[in-house]
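Numbering-wise (our numbering), the sequence shown opens with residue 9 and increments by one. Just so you know, even glycine gets a beta-carbon here, dropped at the ideal spot from N, CA and C.
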Amino acid sequence: MARTVSYIFKGKTKTMAFSYDKHHDLYEAVAEAEGIDLKGFLAMEQQIAMTSRKGAKAEKDYRKTEFIRFGFSNIHFVRDEDE
């Protein structure tokens with residue numbers, strides 16, 4: 009089942025279809041939609057995961073900080089309202 013992701017990229021609000029078949033998570037999906045290469049980011053994220061304690065905030069904080077640096081904000085799933 010496809011979901012909808014909403015995000016703001018460089019001041020413009022955008023939405024896109026999202027499926028776990030195509031993307032690992034919504035951050036990778038929005039980066040691909042905007043043409044951003046995540047190879048370096050994913051390598052650093054993996055290194056942080058290996059060196060930080062499991063459950064530590066380091067990974068989440070790194071992801072949030074880097075996506076803000078890329079120009080993203082307010083990345084979230086859109087809830088379907090039953091009418």
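Collapsed DSSP secondary structure at residue i in the structure displayed
i     : result
ALA10 : coil
GLU91 : Residue confidence for GLU91 is low, a pLDDT of 35 falling below 50, so the modelled location carries little weight; the figure read from the coordinates is stated next. Reduced to three states, the DSSP call for GLU91 is coil.
ILE76 : helix
Nearest-angstrom Cβ-Cβ length linking residue i and residue j, presumed shorter than 8 angstroms
i     : j     : result
PHE17 : GLU42 : 6 angstroms
MET24 : ALA37 : 7 angstroms
TYR35 : ARG61 : TYR35 to ARG61, Cβ: 22 angstroms. No contact.
ILE56 : GLU74 : With 8 angstroms as the limit, ILE56 and GLU74 do not qualify as a contact, their Cβ atoms being about 11 angstroms apart.
Option nearest residue i by Cα separation, candidates the options
i     : options                    : result
ASP29 : ALA10, ARG77, TYR35        : ALA10
GLY19 : ALA57, ILE83, GLY48        : ILE83
PHE78 : THR59, SER14, ASP45, HIS31 : ASP45
HIS31 : THR12, THR21, LYS22, GLY48 : THR12
| field | Contiguous alpha helix (DSSP H) assignments of at least 4 residues, all confined to the segment 10-49 | value | 34-41
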